Amino acid sequence: EVQLVESGGGLVQPGRSLKLSCVASGFTFSNYGMNWIRQAPGKGLEWVAYISSGSSYIYYAETVKGRFTISRDNAKNTLYLQMTSLRSEDTALYYCARPPNYGGYFDYWGQGVMVTVSS
Amino acid sequence: DIVLTQSPALAVSLEQRATISCKTSQNVDNYGISYMHWYQQKPGQQPKLLIYEGSNLASGIPARFSGSGSGTDFTLTIDPVEADDIATYYCQQSKDYPWTFGGGTKLELK
């Protein structure tokens, strides 16, 4: 069974940093690209970042480019999102999501981890 | 960026047909594939994939759900609507980065 478990969220002040993790199980993590997607309270979904299986290809939403860094450790089956210079508008539930091998959609999602940026 | 536009809400009666639309600002077809996907999200839950690449039913999704359309106009149909289908539905394109979602359509009971 595919499982994605996010952690690392919490309350952080504006301008500070936070690092999210997503531990994957139930599939060969190193064979799949991975994504972070977020959802602000009461709002819709926003794709944040993508990393290919071997980390060769990385893409970001313009809203986070230059502030967030997606990375992965295939030996640990773990996806990361390093978030710096956090703003109030980054407050959201952050999901890690797995696409199929060749596809730009998300067939597995974690439960999400909440990040609140507030002073 | 490719902008996806959905109506915010749709009221429907049980056992009737619901038609949810998604219009894109650019063509999301390429080489005969529509890079349009649909998700269902219930309160407090993560989104669930319903339809991928325009019209393909995701694994475990009932045949009451179907997707259609091409180019810039897409539709998710639920026929017939059941009580368990009351949720918010999102379209998403993967033709170009950044991948983008529609604002969501909340399906409500009439």
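Protein chains in written order, with the working numbering: chain A, 1 to 119; chain B, 1001 to 1110.
Beta carbons are placed, not taken as given, at the ideal position from N, Cα and C, and that holds for glycine.
Bear in mind that the values here come from a model prediction, so they are computed numbers and not experimental data.
Check whether the stretch 1-8 of chain A touches the stretch 58-72 of chain A, taking contact to mean three or more Cβ pairs, one atom from each stretch, closer than 8 Å.
-> no
Along chain B, which residues have their Cβ under 8 Å away from the Cβ of residue 46(A)?
-> By one-based count along the first sequence, residue 46(A) stands at place 46. Residues of chain B passing the Cβ test: 1101.
In this structure, what does DSSP give as the bridge partners for residue 98(A)?
-> In the first sequence, the residue the question calls residue 98(A) occupies position 98. BP columns for residue 98(A) point to 108(A).
Which residues of chain B have a Cβ atom closer than 7 Å to the Cβ of residue 106(A), listed in chain order?
-> Numbered from 1 along the first sequence, position 106 holds the residue referred to as residue 106(A). Here the neighbours are 1049.
Per-residue burial, residue 101(A) [other beta carbons within 10 Å of its own, 16 or more giving buried] | The residue you call residue 101(A) lines up with position 101 of the first sequence. Under this definition residue 101(A) is an exposed residue.
Within its chain, find whatever has a CB closer than 8 Å to the CB of residue 31(A); leave out the 5 residues flanking it on each side and keep chain order.
-> As a position in the first sequence, residue 31(A) is number 31, starting the count at 1. These residues qualify, in order along the chain: 53 and 101.
Taking 8 Å as the CB-CB cut-off, is residue 3(A) touching chain B?
-> As a first step, residue 3(A) must be located in the first sequence, where it is residue number 3. Closer than 8 Å: no.
Which two residues bound the contiguous beta strand (DSSP E) that contains residue 46(A)?
-> For the purposes of this step, residue 46(A) is taken as the residue at position 46 of the first sequence. Where residue 46(A) is concerned, the enclosing beta strand (DSSP E) stretches over 45-51.
Return the chain-ordered list of same chain residues with a C-beta closer than 7 Å to the C-beta of residue 47(A), the five sequence neighbours on each side being excluded.
-> Position 47 of the first sequence, counted from the start, is the residue given in the question as residue 47(A). Contacts found: 35, 37 and 61.
Between 1091(B), 1011(B), 1010(B) and 1016(B), which lies nearest to residue 1064(B) when the distance is taken from Cα to Cα?
-> Working through the second sequence from its first residue, we reach residue 1064(B) at position 64. Comparing Cα-Cα distances from residue 1064(B) to each of 1091(B), 1011(B), 1010(B) and 1016(B), the minimum goes to 1016(B).
For the putative contact between residue 1020(B) and residue 1075(B), defined by C-beta atoms under 8 Å, what is the C-beta separation to the nearest angstrom?
-> Within the second sequence, the letter at position 20 stands for residue 1020(B). Within the second sequence, the letter at position 75 stands for residue 1075(B). The pair is a contact, with the Cβ atoms about 7 Å apart (cut-off 8 Å).
Distance between residue 1024(B) and residue 1007(B) (C-alpha atoms, nearest Å) | Walking along the second sequence from the start, residue 1007(B) turns up at place 7. Walking along the second sequence from the start, residue 1024(B) turns up at place 24. Going by the C-alpha atoms only, they are around 13 Å apart.
Can you say whether residue 73(A) is buried or exposed, counting buried as having 16 or more other CB atoms within 10 angstroms of its CB?
-> The count along the first sequence starts at 1 and reaches residue 73(A) at position 73. Per the 10 Å Cβ criterion, exposed.
Where does residue 30(A) sit, in a helix, a strand or coil, going by DSSP?
-> Start at 1 with the first residue of the first sequence, and residue 30(A) comes out as number 30. Of the three classes helix, strand and coil, the one that applies to residue 30(A) here is helix, per DSSP.
Residues bridged to residue 1070(B) (per DSSP) | One-based indexing of the second sequence puts residue 1070(B) at position 70. The partner list for residue 1070(B) (beta bridge, DSSP) reads 1073(B).
Using 10 angstroms around the beta-carbon of residue 108(A), count the other beta-carbons present and answer buried if the total reaches 16, otherwise exposed.
-> Against the first sequence, residue 108(A) aligns to sequence position 108. With 16 or more Cβ atoms within 10 Å of its Cβ, residue 108(A) is classed as buried.
Look at the Cβ atom of residue 41(A), then the Cβ atom of residue 117(A), and state whether they are nearer than 8 Å.
-> Your numbering for residue 41(A) matches position 41 in the first sequence. Your numbering for residue 117(A) matches position 117 in the first sequence. No, the pair does not count as a contact, with Cβ atoms beyond the cut-off.
For a contact meaning CB atoms closer than 7 Å, what does residue 103(A) contact in chain B?
-> By one-based count along the first sequence, residue 103(A) stands at place 103. Chain B residues near residue 103(A): 1052.
Hey, could you find the ends of the beta strand (DSSP E) residue 24(A) is sitting in?
-> By 1-based counting over the first sequence, the position of residue 24(A) is 24. From DSSP, the beta strand (DSSP E) with residue 24(A) extends over 18-25.
Is any beta-carbon of chain A found at less than 8 Å from that of residue 1009(B)?
-> Position 9 of the second sequence, counted from the start, is the residue given in the question as residue 1009(B). Output row for residue 1009(B): interface = no.
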